[in-house]
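**Student:** Heads up: the sequence shown begins at 5 in our numbering, then just goes up one per residue. Quick reminder that beta carbons are idealized off the backbone N, C-alpha and C, glycines included.
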Amino acid sequence: MERELLVTGIGGQGIQLLAKTLALAATREGRYAMLAADYGGEMRGGPSKAGVVIGDEPLKALPILPSAGSAIFAHRKHAEGVEDRLRPGALVVANTPLVDPEGFRKDLRVVAVDAAALAKQAEAPNALGFVLLGKYNALTGMVAPESLAEAMEELLPPYRRQHAAANKRALEVAI
Numbered sequence: 005m006e007r008e009l010l011v012t013g014i015g016g017q018g019i020q021l022l023a024k025t026l027a028l029a030a031t032r033e034g035r036y037a038m039l040a041a042d043y044g045g046e047m048r049g050g051p052s053k054a055g056v057v058i059g060d061e062p063l064k065a066l067p068i069l070p071s072a073g074s075a076i077f078a079h080r081k082h083a084e085g086v087e088d089r090l091r092p093g094a095l096v097v098a099n100t101p102l103v104d105p106e107g108f109r110k111d112l113r114v115v116a117v118d119a120a121a122l123a124k125q126a127e128a129p130n131a132l133g134f135v136l137l138g139k140y141n142a143l144t145g146m147v148a149p150e151s152l153a154e155a156m157e158e159l160l161p162p163y164r165r166q167h168a169a170a171n172k173r174a175l176e177v178a179i
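(1) Output the distance between the C-alpha atoms of ALA148 and ALA37, rounded to the nearest integer angstrom.
(2) So, helix, strand or coil for GLU33, using DSSP?
(3) Tell me which residues share the same chain as ASN141 and place their Cβ nearer than 7 Å to its Cβ, disregarding the 5 neighbours each side in the sequence.
(4) If you reduce the DSSP assignment to three classes, tell me which class SER74 lands in.
(5) Report the rounded CA-to-CA distance for ALA126 versus LYS139, giving the unit in angstroms.
(6) Around the C-beta of ALA169, are 16 or more other C-beta atoms found within 10 angstroms, so that it is buried, or is it exposed?
(7) Give the single residue among ASN99, ASP60, VAL56, ALA78 whose Cα lies nearest to the Cα of PRO70.
(8) Quick check on the DSSP output: the alpha helix (DSSP H) that includes PRO149 runs from which residue to which?
(9) Keeping to the same chain, check which residues put their C-beta closer than 7 Å to that of ARG35; ignore five residues upstream and five downstream.
(10) With distance defined between alpha-carbon atoms, name the residue in VAL117, LEU122, LEU95 nearest to ASP111.
(11) Do the segment 80 to 88 and the segment 18 to 30 make contact, defined as three or more Cβ pairs closer than 8 Å?
(12) Tell me whether LEU66 is buried or exposed, calling it buried when 16 or more other Cβ atoms sit within 10 Å of its Cβ.
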């Protein structure tokens, strides 16, 4: 079985690191994963999208997904076309208030998450992407929570290692 995730937001929200963390956690657990990144040259505020496909056997779907069974919307800006690619019944994790959970098609399963408030509660104000990933993983059971934390720590560049503990709290706060 293959499961697909689309992630959309703006540069600076951790969209690419979120997607890489999930893909790495899945491969560390012995599954197959592919990742496609799509982002502008801007450091902050530009479009940032990613596609992740995870399966128990070698993958058939490409990570550039014409349709998907789930999505994380960290921001509505630059999210054009993502909702249209979701199949009926798809899970949507919507970061409120930046994304209006009432604005989605009625055939989607939308879960609202105030990632900024939860990140602040976890004393990780810059880790809203990890809050959203933690909630998505809690809803889907895609990987073991500790696999996400280990993958996140492995992927952090040396100049961001001081954020590992806060990022771990962010992964856990929405569970």
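**Tutor:** The short version:
(1) 15 Å
(2) coil
(3) VAL147, PRO149, LEU152
(4) strand
(5) 14 Å
(6) exposed
(7) VAL56
(8) 149 to 159
(9) ILE58, GLY59, ASP60
(10) LEU95
(11) no
(12) exposed
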